[in-house]
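When the letters of the sequence shown are read in order and numbered with the working numbering, they come out as residues 1 to 160.
Ideal placement from N, C-alpha and C gives every residue a C-beta, glycine not left out.
Small disclaimer: the values here were computed from a predicted structure and weren't measured.
Take a look at the structure below.
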Amino acid sequence: IWRLVKAQQYRKQLFVALMLHLAQQFSGINAIFYYSTDIFQSAKVAQPVYATIGVGVVNTVFTLLSVILVDRAGRRTLMLIGLCGMCCCAVGVTIGLVYQNTYSWMSYLSMTAIFLFVSFFEIGPGPIPWFIVAELFSQGPRPAAITLAGCCNWTSNFIV
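Take a look at the structure:
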């Protein structure tokens, strides 16, 4: 691992790999996953546990969809679509939760935005960082690069 970090020829690839994993974790997806039941309760959803199960179903369906789309649309395109969509959905969740006491229909906005947030995540920022690392490095440094990227991913997950 230390040789990979010190090697000048792998610095750009390592930087890209680590930034993709940081973007994945700091996108806020784990906050959605960890606190989705609480978010649905504050949005006054009648059965928040079922809505959370729905988030898991959306997660699974769009993960499978991304497998089909990744070679057709391209990694960069899917990553940008996913991150931009997640940004818009995060704004929607925030607006929905802030104004839910003023307008009763805002709880539906926040719930829909959460489902869309998860679907945008699974189209791009969810799966792409994991296999980009494997594609960026040749056979020799690949295991160390995947180890560093995974460590970066889980450390930033812990921070979130």
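Per DSSP, residue 6 is one residue of the alpha helix (DSSP H) stretching across 2 to 6. Judged by pairs of C-beta atoms under 8 Å, the stretch 95 to 103 does not touch the stretch 15 to 30, as fewer than three such pairs exist. Here residue 79 is buried: its Cβ has 16 or more other Cβ atoms, across all protein chains shown, within 10 Å.
Annotated three-state conformation of residue 108 is helix, per DSSP. Closest option to residue 156, judged by alpha-carbon separation, among 18, 73, 25: 25. Here the C-alpha atom of residue 87 lies approximately 10 Å from the C-alpha atom of residue 121.
Excluding sequence positions up to five before and after residue 113, its CB lies within less than 7 Å of the CB of 89, 92, 93, 96, all in the same chain and listed in chain order. A residue is called buried once 16 or more other Cβ atoms fall within 10 Å of its Cβ, and residue 133 is buried on that count. The C-beta distance from residue 82 to residue 150 rounds to 20 Å, too long to meet the 8 Å contact threshold. A Cβ-Cβ contact shorter than 9 Å links residue 115 with residue 58. In the structure shown, the three-state DSSP call for residue 101 is coil.
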